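> Right, I'll just put the structure down here and ask away after.
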Amino acid sequence: MAAVAAHPSCGTSTWRATLTHPAVWLGLAGAMLIALGELRRLATWNQVRGQGWVATVSSWVTQAQYPVLIVTGIVTLAVAWLWLRPGRRTDGGAIGSVGPLVAVVVLWSLPLLALPPMLSTDAGSYADLGWTVSLGQSPYDVGLGTTGSPFPYGRAWRGTTSVYPAFALQLFGWVTQATGMHWYWSVVALRVLAVAGLGLLVWAMPRLARTAGVDPMAALWFA
C-alpha cells in the first residue's frame with residue numbers, strides 16, 4: 233500500500249492503511265503482555281488473597297516472570313509506535329490523520345483500562361487523598377494513609393501531606409465518591425482524569441503545532 237501523505241482527509245483508504253498496518257497489531261500484542269504482567273502483580277495484593285482467579289493467574293505467570301512480561305510489552309509498544317510514525321514511508325503506510333491515530337491509542341489501551349496503573353501505587357495514593365477529602369478533612373493537614381482508607385497507597389509516603397493543588401484533590405474526591413470508595417474501582421476510575429487529559433492533548437497539539445509552523449500530525453504523534 234502507498235504511504236499516507238502528511239495531511240490527507242481521513243478517508244477509507246487512510247483508515248485501512250493504518251488499521252491493517254502490522255505495527256498496530258504488534259502494539260496490541262505489547263499491550264496484552266503488559267496487561268498479563270499487571271494481572272499477575274495484582275494477584276500479589278492482600279486485597280485479593282483467597283480469590284479463585286489468583287491461583288489460575290499464578291499458574292500462568294510466576295512472580296519472577298511478570299516484570300519480564302511488562303518490560304517486553306513496553307519495548308514492543310515503543311517499537312510499534314515508532315514504526316507507525318507519521319510521514320515514514322513503509323510498505324504498509326503510516327498514520328496520516330487524527331482519527332486513525334486516536335483509534336490506535338484506544339485499541340492499545342483496551343487491555344489495560346480495567347487494571348491499575350502498572351508498577352505504581354500512585355493512583356492508590358490519589359484515591360487515599362480523595363478519601364480524605366470526602367471525609368471533610370484537608371490533605372494539606374492530614375497525612376497520607378492515616379485515615380483508614382482501603383486503598384493501596386504508596387507506603388513510602390505514609391504520613392506525608394499533599395503537594396497537589398486544591399482542584400486536583402477535589403477531582404480525586406469526586407472520583408472516589410462516584411465509585412463508592414471501592415478499594416479497586418476507585419483506583420482504576422482515576423484513569424478517567426488521565427484519559428480526559430489525553431483528549432485535551434489531541435485537541436490542543438495540532439493547533440499549537442500549526443501556530444509554531446510544525447507538522448500537526450508529527451507533533452501529535454510525538455506528544
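Numbering (our numbering), first residue to last: 233 to 455. All C-beta atoms in this analysis are idealised placements derived from N, C-alpha and C, irrespective of residue type, glycine included. Bear in mind the structure is a predicted one, so any value in this text is a computation, not a measurement.
Can you have a look at ARG272 and say buried or exposed, based on whether 16 or more other CB atoms are within 10 angstroms of its CB?
It is buried - the Cβ of ARG272 has at least 16 other Cβ atoms within 10 Å.
> Quick check: what's the CA-CA separation for ASP354 versus LEU440?
Roughly 30 Å between the two C-alpha positions.
> Which residues bound the alpha helix (DSSP H) around GLY404?
Correcting the residue type first, residue 404 is Phe in the shown sequence and not Gly. It spans 398-410 - the alpha helix (DSSP H) in which PHE404 sits, taken as one unbroken run.
> So what does DSSP say about THR308, is it helix, strand or coil?
Correct three-state label for THR308: helix.
> With a cut-off of 8 Å on the beta carbons, I'd call TRP389 and THR379 a contact; round off their distance for me.
TRP389 to THR379, Cβ: 14 Å. No contact.
> According to the neighbour-count rule (16 or more other Cβ atoms, all chains shown, within 10 Å of its Cβ), is GLY262 buried or exposed?
It counts as buried.
> If we ignore side chains and look at the alpha-carbon of each, how far apart do VAL365 and ALA410 end up?
Roughly 13 Å between the two C-alpha positions.
> Please report how far the alpha carbon of ARG423 lies from the alpha carbon of LEU251, in whole angstroms.
Straight-line Cα distance between these residues: approximately 25 Å.
> By the three-class DSSP mapping on this structure, what secondary structure does TYR416 have?
Looking at TYR416 - three-state DSSP - the assignment turns out to be coil, as it is neither helix nor strand.
> If you reduce the DSSP assignment to three classes, tell me which class ARG317 lands in.
Coil at ARG317, not helix or strand.
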